[in-house]
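Let me begin by presenting the structure, written as structure tokens, before commenting on it.
In this note's numbering, the protein residues as written are 796 to 1101.
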């Protein structure tokens, strides 16, 4: 591997270590080549997200997203040289050459950020699923290109579907965690049908639920939906090699524990950002590396009880 490519990967790993939080705890379980490739995927995805979440004017954001999409096309067409001045492009191009990464998934991520830019709202869960598949399910499918499936794995043809579903589970957990923060930014992701059902259509602009609402009922309803998605998505684990399975189990395990916290104290998401302490994330990662979580969840998934 050339010095410019190594430097590009090092840059992406630094970005991942500083900004990835939950993601970083999972990918540290991967062998070097896969960890580097996942860091490149993260760094590119982070760039797209930062454009959407930044303070630029909407028309400038749209231009930056178009430029990023054009860069992705150059990567896909093999037009990024190793001495390119953009380390993220260099690393992702190398990773895509080494692994069968479906780069179209990153186009879908850009599509999802464009939805945010356009202020799109969602009437039903089916509507929201389209967004979640763009910003999270697609990343699951992209990641599967790095992980690969075990030769002869039973049902491997459905692996992209399960990776997509696991991404939906993670994204719905994120939406629940960030409900007040998103509301402050003028964004509402939870389906309007669900908000109306539980008297929460007024939105979330403070540390307490809307008057007369059943906010806890809303959260528990969405938690059950997320758990069903996790149960389906975990069917991916038996199809992966040990370290890739450990990585996925660790990342998903962190989000499942986060979901547990939200379920126990629904109004906590209105008072502040709900998160896991670093020691608990590290514990989940160690269990993933040892195979404990992967084996436990794999058995449950095969029985349909994850």
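A virtual CB, placed ideally from N, CA and C, is assigned to each residue, including glycine.
DSSP places residue 938 inside the alpha helix (DSSP H), whose first and last residues are 933-942.
When the alpha-carbon of residue 843 is set against those of 1002, 967 and 884, the nearest one is in 884. Fewer than three Cβ pairs drawn from the region 992-1002 and the region 915-934 lie within less than 8 Å of each other, which leaves the two stretches out of contact.
Within the same chain, and ignoring the five residues on either side of residue 1039 in sequence, the residues whose Cβ sits closer than 6 Å to its Cβ are 942. Distance check between residue 839 and each of 854, 1058, 811 and 821 places 811 closest, using alpha-carbon atoms only. The residue among 1053, 1062 and 880 with its C-alpha nearest the C-alpha of residue 1072 is 1053. Around the beta carbon of residue 855, fewer than 16 other beta carbons sit within 10 angstroms, so the residue counts as exposed. In this structure residue 896 is in contact with residue 890, their Cβ atoms being roughly 6 Å apart against a cut-off of 8 Å. Taking a cut-off of 8 Å for Cβ pairs, the region 973-982 and the region 936-951 do not touch, as fewer than three such pairs fall below it. Within the same chain, and ignoring the five residues on either side of residue 830 in sequence, the residues whose Cβ sits closer than 6 Å to its Cβ are 822. Between residue 1050 and residue 968, the CB-CB gap stays under 8 Å. In this chain, the alpha helix (DSSP H) harbouring residue 834 covers 827-848. With a minimum length of 4 residues, the unbroken runs of alpha helix (DSSP H) contained wholly in the region 882-937 fall at 882-893, 899-912 and 920-927. The Cβ-Cβ distance between residue 904 and residue 930 falls below 8 Å. No Cβ-Cβ contact shorter than 8 Å links residue 1002 with residue 1068. By the criterion of a C-beta distance shorter than 6 Å, residue 1024 is surrounded in its chain by 960, 963 and 964, once the five residues flanking it on both sides are discounted.
Across the structure, residue 1059 and residue 1011 are spaced so that their CA atoms are roughly 10 Å apart.
Exclusion of the five residues before and after residue 799 leaves 877, 878 and 885 as the residues of its chain whose Cβ lies within less than 7 Å of its Cβ. Going by DSSP, residue 805 is part of the alpha helix (DSSP H) stretching over 798-814. A Cβ-Cβ distance of about 17 Å is found for the pair residue 944 and residue 1046, leaving them out of contact under the 8 Å criterion. For the pair residue 988 and residue 919, the CB atoms are nearer than the 8 Å cut-off. Taken in chain order, the region 936-982 contains no complete beta strand (DSSP E) segment of 3 residues or longer. Minimum Cα-Cα distance from residue 1048 among the listed residues 1005, 818, 804 and 908 corresponds to 818. The beta carbons of residue 937 and residue 860 sit no closer together than 8 Å.
Residue 852 sits exposed, since fewer than 16 C-beta atoms from the chains shown fall within 10 Å of its C-beta. In the same chain as residue 1005, and ignoring 5 residues on each side of it, the C-beta atoms closer than 6 Å to its own belong to 995 and 997, in chain order.
Within a 10 Å sphere around the beta-carbon of residue 834 sit 16 or more other beta-carbons, which makes this residue buried.
Its Cα nearest to that of residue 827, the residue 804 stands out among 804, 847 and 813.
The beta carbons of residue 970 and residue 1018 sit no closer together than 8 Å. Note on residue 850: under 16 other CB atoms within 10 angstroms of its CB, so exposed under the neighbour-count rule. The criterion of a C-beta distance shorter than 8 Å is not satisfied by residue 832 and residue 871.
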